[in-house]
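Under our numbering, the residues of the sequence shown are numbered 553 to 621, in order.
Virtual Cβ for every residue (Gly too), placed ideally from N, Cα, C.
Report on one structure; see the data block that follows.
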Amino acid sequence: MRCPICNKCFSEGDSDAVAPFCSERCREIDAKRWFCEEYPIFTPNVDQIELDNAEGRYSDETDDDSDYN
Ligand SMILES: [Zn+2]
C-alpha cells in the first residue's frame, strides 16, 4: 500500500499502519486537512472531446460476373 499523505510504501501488517495511512501521524494529518478544508477539490475537466475524423474507406468491390455464351 502507499500512504496518500507521505507517499511512503507500507504494508497493512505494519504495527504503525493505520489503513489507508502508514501511521497514526499521517492519519491525523489527513483528518486535519479535512477539518481545515484544505483539501483541493479535484474536478476533472472532461472537456476534451477530440473529433476524430477517421477516414472510412469502403472498398466497394462489385463483382459483375456476367456469364454469357
Ligand atoms: Zn504516511
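Let's test the definition: count the other Cβ atoms within 10 Å of the Cβ of residue i and tell me whether it reaches 16, buried, or not, exposed.
{"i": "I601", "result": "Note on I601: pLDDT 49, under 50, position unreliable in the model; the coordinate value appears next. I601 comes out exposed."}
{"i": "C561", "result": "exposed"}
Report yes if the C-beta distance between residue i and residue j is below 8 Å; otherwise report no.
{"i": "D582", "j": "F573", "result": "yes"}
{"i": "A571", "j": "E580", "result": "no"}
Which one of the options has the shortest CA to CA distance from residue i?
{"i": "C558", "options": "A571, C578 and D568", "result": "C578"}
Starting from residue i, follow its DSSP beta bridges and name the residues at the other end.
{"i": "F573", "result": "V570"}
{"i": "C561", "result": "R554"}
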